[in-house]
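Asker: Per my numbering, the sequence shown runs over residues 430 to 811.
We treat Cβ as the ideally placed atom computed from N, Cα and C, and that holds for glycine.
Below you'll find the structure I mean.
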Amino acid sequence: MNDLPAASVLSLMSGTSLDGVDSVLARFELQDGALVWEVLDRVGSPYPDDLRARLEAALRPETSDVLLLTQLHTEVGHAYAQLAEAVALRHSIDLIALSGQTVYHIPRVDESRGWRTVSTLQLGEASITAERCRLPVLSDFRQGDMAAGGQAAPMVSFGDLKLFSAPGRAQAVHNLGGISNLTYLPSDSETGEVFAFDTGPSTCLINEAMMRYYRRPFDEDGRTAAAGRVVLELLAQFLDDYYYDLPPPKTTGREHFSLAELERRADLDAVSPADLIATLTALTAESVTRAYRRYVLPLGLDEIFVAGGGALNPTLMRMLRERLPVPVMTFEERGWHSRDREALSFGVMAYYAYHGLANTLPSATGATHPAVAGKLSLPWRG
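The structure is reproduced here in structure tokens:
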């Protein structure tokens, strides 16, 4: 199918940083096989402190339970619906995409951790949004890819391909959210292979340490890291993690990268809080760099575009630019908005799935074939 009618798609995204819900309203149209798109509106809504704290508890098996998960599923659903309803009052919307709040992701079997079945769980009941907005909602995208044998991440690579690929330029679209992931877009996406994977932690460890030692949710402008010193011995201990040596496709999450996991290998209190923040920031930069040097740079790379909250951290961006031999630009420097990237990608997935078209990339997730991922919730129109 080379053409699809234009549609205004509202995408609601909440990532591993647990900072709240981002929404992007975009107009999509498929013309001669190419996606034409335009952002019409964007707005974000932070999670209330109590909701965020309980989501943090839900991430950890030792503090989670079925009562908490059941209630959060509805509460997060209402948070999505409230934001969607506010946007729908200002704009005409044809379709809503809802990514869901991931609370646990098991991409591979690991009996030592009790991981017996490849599985994933996202909270946020889509029916609530469909009911309040009287609009169709596509949600729960990861399950379709996982059913096809994939790891259900990174899912945004399909959207990256449709939104950002440029003939004649080998590019990487990189997200520095809670978890760091990249999508490689070869100079000729028709003959080259698009692939994507999670490189490891991005801001999740930094944010957790900032909350523990400073009672602040993140390192604003990278000031704490800039004031600290990178402790090389500690950095080496942090980098001694089997995940970094796994070949792509691969995915990870906060169930693997947390301060509790790091404390199994190192004494975090042996350094000052500022030095710990600096070292964790260097961990992100170094693990990202190693991933590029091992898997991406040998294929040819012209430039990297960085999105996500970490793109707004000057200290982290400086560390990346010092380590990587190609231009590293933020979405803002390219004329885009860094917080749009993931939400836009899920919007593209919803647009394709609503028309019955495949919307995943097996080369990114490891699935045996493309899937039409997403579950459709239809509203009552009485």
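For D539, does the three-state DSSP call read helix, strand or coil?
Answerer: Residue numbering aside, residue 539 sits at position 110 when the sequence shown is read from its first letter. In the structure shown, D539 sits in a strand (DSSP, three-state: E or B).
Asker: Tell me, to the nearest whole angstrom, how far the beta carbon of L441 is from that of A526; I am working on the premise that it is less than 8 Å.
Answerer: Counting from 1 along the sequence shown, the entry for residue 441 is found at position 12. Counting from 1 along the sequence shown, the entry for residue 526 is found at position 97. The pair is a contact, with the Cβ atoms about 7 Å apart (cut-off 8 Å).
Asker: Tell me the rounded alpha-carbon separation between Y642 and G737.
Answerer: Residue numbering aside, residue 642 sits at position 213 when the sequence shown is read from its first letter. Residue numbering aside, residue 737 sits at position 308 when the sequence shown is read from its first letter. The straight-line gap from Cα to Cα measures roughly 23 Å.
Asker: Over the uninterrupted beta strand (DSSP E) stretch that includes L464, give me the two end residues.
Answerer: Within the sequence shown, the letter at position 35 stands for residue 464. For L464, the uninterrupted beta strand (DSSP E) segment begins and ends at A463 to P475.
Asker: Look up G449 in the DSSP assignment and say whether it is helix, strand or coil.
Answerer: Residue mapping note: residue 449 aligns to position 20 of the sequence shown, counting from 1. In this structure, G449 counts as strand in the three-state DSSP scheme.
Asker: Measure the alpha-carbon distance for V472 versus S437 and round it to whole angstroms.
Answerer: Translated into positions along the sequence shown, residue 472 becomes position 43. Translated into positions along the sequence shown, residue 437 becomes position 8. Between V472 and S437, the C-alpha separation is close to 15 Å.
Asker: In three-state DSSP terms, what is Q615?
Answerer: On the sequence shown, residue 615 is found 186 positions in, with the first residue counted as 1. Note on residue identity: the sequence assigns Pro, not Gln, to residue 615. In this structure, P615 counts as coil in the three-state DSSP scheme.
Asker: Where A435 and L459 are concerned, what is the direct C-alpha to C-alpha distance, given to the nearest angstrom?
Answerer: For the purposes of this step, residue 435 is taken as residue 6 along the sequence shown, with counting starting at 1. For the purposes of this step, residue 459 is taken as residue 30 along the sequence shown, with counting starting at 1. C-alpha separation (whole angstroms): 7 Å.
Asker: Under 7 Å Cβ to Cβ from L663, same chain only, skipping five residues before and after it: list those, please.
Answerer: As a working mapping, residue 663 is identified with position 234 in the sequence shown. Around L663: A695, V700 and T708.
Asker: Would you kindly work out how many angstroms separate the C-alpha atoms of A802 and D569, rounded to a whole number?
Answerer: Walking along the sequence shown from the start, residue 802 turns up at place 373. Walking along the sequence shown from the start, residue 569 turns up at place 140. Their Cα atoms are separated by approximately 8 Å.
Asker: So if DSSP puts Q600 in a beta bridge, which residue, or which two residues, is it bridged to?
Answerer: Mapped onto the sequence shown, residue 600 falls at position 171. DSSP lists L614 and E732 as partners of Q600.
Asker: Measure the C-alpha to C-alpha separation of L728 and R810 and round it to an integer number of angstroms.
Answerer: Within the sequence shown, the letter at position 299 stands for residue 728. Within the sequence shown, the letter at position 381 stands for residue 810. For L728 and R810, the distance between alpha carbons rounds to 51 Å.
Asker: When burial is assigned at 16 or more other CB atoms within 10 Å of the CB, is T492 buried or exposed?
Answerer: Here the question's residue 492 lines up with position 63 in the sequence shown. Answer is exposed; the Cβ neighbour count stays below 16.
Asker: I'd like to know whether the C-beta atoms of Q600 and E761 end up nearer to each other than 8 Å.
Answerer: Locating residue 600 in the sequence shown gives position 171, where the first residue counts as 1. Locating residue 761 in the sequence shown gives position 332, where the first residue counts as 1. Pairing Q600 with E761 gives a Cβ-Cβ distance that is not under 8 Å.
Asker: Shortest alpha-carbon distance to G739 belongs to which of S792, E649 and E560?
Answerer: In the sequence shown, the residue the question calls residue 739 occupies position 310. It is E649 whose Cα lies nearest to the Cα of G739.
Asker: Would E554 and G506 qualify as a contact pair, given that the criterion is a beta-carbon distance under 8 Å?
Answerer: As a first step, residue 554 is located in the sequence shown; it is residue number 125 there, counting from the start. As a first step, residue 506 is located in the sequence shown; it is residue number 77 there, counting from the start. Yes, Cβ-Cβ distance for E554 and G506 is below 8 Å.
Asker: Tell me whether D670 is buried or exposed, calling it buried when 16 or more other Cβ atoms sit within 10 Å of its Cβ.
Answerer: As a first step, residue 670 must be located in the sequence shown, where it is residue number 241. The residue is buried, with at least 16 neighbouring Cβ atoms inside 10 Å.
Asker: What number of angstroms, rounded off, separates the C-alpha of A576 from the C-alpha of N610?
Answerer: Translated into positions along the sequence shown, residue 576 becomes position 147. Translated into positions along the sequence shown, residue 610 becomes position 181. A576 and N610: Cα-Cα distance of roughly 22 Å.
Asker: For A463 and S774, what's the separation of their Cα atoms in angstroms?
Answerer: For the purposes of this step, residue 463 is identified with residue 34 of the sequence shown, where counting begins at 1. For the purposes of this step, residue 774 is identified with residue 345 of the sequence shown, where counting begins at 1. Cα to Cα, A463 sits roughly 15 Å from S774.
Asker: Going by Cα to Cα distance, which pick from V755, M746, P677 and P702 is closest to M639?
Answerer: Taking the first residue of the sequence shown as position 1, residue 639 is located at position 210. Closest by alpha carbon: P702.
Asker: Comparing alpha-carbon positions, which option in A787, L745 and A482 lies nearest A655?
Answerer: One-based indexing of the sequence shown puts residue 655 at position 226. Considering only alpha carbons, the answer is L745.
Asker: Please go through the same chain and pick out, in chain order, the residues whose beta-carbon is closer than 7 Å to the beta-carbon of R785, but skip the five residues on each side of it.
Answerer: Along the sequence shown, one-based indexing puts residue 785 at 356. Here the sequence assigns Gly to residue 785, which means Arg is not the residue at that position. Answer for G785: V801, listed in chain order.
Asker: Quick one: what's E458 bridged to in DSSP?
Answerer: As a position in the sequence shown, residue 458 is number 29, starting the count at 1. DSSP, once it has assigned bridges, lists V465 as partnering E458.
Asker: Using the three-state DSSP reduction, which class does A595 fall into: helix, strand or coil?
Answerer: In the sequence shown, residue 595 corresponds to position 166, counting from 1. Note: A595 maps to coil in three-state DSSP.
Asker: Can you tell me whether H520 is buried or exposed? The criterion is at least 16 other CB atoms within 10 Å of its CB, across all chains shown.
Answerer: Along the sequence shown, one-based indexing puts residue 520 at 91. So H520 counts as exposed.
Asker: Can you pull the DSSP bridge partners for G629?
Answerer: Reading the sequence shown from its first residue, position 200 is the one you call residue 629. Beta-bridge pairing links G629 to S609.
Asker: Run through the DSSP bridge pairs and tell me what I522 is partnered with.
Answerer: Numbered from 1 along the sequence shown, position 93 holds the residue referred to as residue 522. Bridge partners of I522: none, in fact.
Asker: Please report the residue range of the beta strand (DSSP E) in which D687 lies.
Answerer: Indexing the sequence shown from 1 puts residue 687 at position 258. Per the sequence presented here, residue 687 reads as Ser, with Asp not at that position. Judged by DSSP secondary structure, S687 falls outside any beta strand (DSSP E); it is assigned neither H nor E.
Asker: From A510 to P475, what does the alpha carbon distance come to, in whole angstroms?
Answerer: Locating residue 510 in the sequence shown gives position 81, where the first residue counts as 1. Locating residue 475 in the sequence shown gives position 46, where the first residue counts as 1. Distance between the alpha carbons of A510 and P475: 14 Å.
Asker: Would a C-beta distance cut-off of 8 Å place F624 and P678 closer than the cut-off?
Answerer: Along the sequence shown, one-based indexing puts residue 624 at 195. Along the sequence shown, one-based indexing puts residue 678 at 249. Note that the C-beta distance between F624 and P678 is below 8 Å.
Asker: On the DSSP bridge list, what partners appear for Y533?
Answerer: For the purposes of this step, residue 533 is taken as residue 104 along the sequence shown, with counting starting at 1. Beta-bridge pairing links Y533 to L550.
Asker: Please identify the residue among V547, V495, P565 and D478 whose C-alpha is closest to the C-alpha of A517.
Answerer: Counting from one through the sequence shown, the residue named residue 517 turns up at place 88. That would be P565, whose Cα lies nearest to the Cα of A517.
Asker: Can you give the Cα-Cα distance for L496 and V755, rounded to whole angstroms?
Answerer: Within the sequence shown, numbered from 1, the residue matching residue 496 stands at position 67. Within the sequence shown, numbered from 1, the residue matching residue 755 stands at position 326. Going by the C-alpha atoms only, they are around 49 Å apart.
Asker: Measure the CB-CB distance between L512 and S452 and report whether it falls below 8 Å.
Answerer: The sequence position of residue 512 within the sequence shown is 83, counting from 1. The sequence position of residue 452 within the sequence shown is 23, counting from 1. Closer than 8 Å, so yes.
Asker: Less than 8 Å between the C-beta atoms of V725 and M758, yes or no?
Answerer: For this step, residue 725 is matched to residue 296 along the sequence shown. For this step, residue 758 is matched to residue 329 along the sequence shown. Going by C-beta atoms, V725 is not nearer than 8 Å to M758.
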